[in-house]
Amino acid sequence: MKTGCQWRVIPNEFGSGQTCHRRFQEWERAGVFKKIYKSILKYYDVKNKIA
1 MKTGCQWRVI
11 PNEFGSGQTC
21 HRRFQEWERA
31 GVFKKIYKSI
41 LKYYDVKNKI
51 A
């Protein structure tokens, strides 16, 4: 069983696996994924009249 992303198998049009992994780490440190998650939750709440 494997877990996580296998950066070396990412298609070349996205750049090297090393570049993709570095960018992922930068975005994680910058809070990009938390911002996306919060935006999705807000959209869901508004669309479904929750909160």
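Number 40 in full-length UniProt numbering belongs to position 40 of the sequence shown; there are no gaps in the numbering. Beta carbons: idealized from backbone N, C-alpha and C, even for Gly.
Give me the Cα-Cα distance between residue i and residue j, rounded to the nearest whole angstrom.
{"i": "N12", "j": "K38", "result": "30 Å"}
{"i": "C5", "j": "A30", "result": "19 Å"}
{"i": "V9", "j": "F24", "result": "15 Å"}
{"i": "K49", "j": "I36", "result": "20 Å"}
{"i": "H21", "j": "K47", "result": "34 Å"}
{"i": "S16", "j": "E26", "result": "15 Å"}
{"i": "Y43", "j": "F14", "result": "28 Å"}
Nearest to residue i by CA position, among the options, is which residue?
{"i": "Q18", "options": "W7, L41, V46, D45", "result": "W7"}
Output the residue ranges of the alpha helix (DSSP H) runs that lie fully inside the UniProt domain "Insertion element IS402-like" (1 to 36) and measure 4 residues or longer, sorted by chain position.
-> Look at the UniProt domain "Insertion element IS402-like" (1 to 36) and you find these whole runs of alpha helix (DSSP H), each 4 residues long or longer: 17 to 30.
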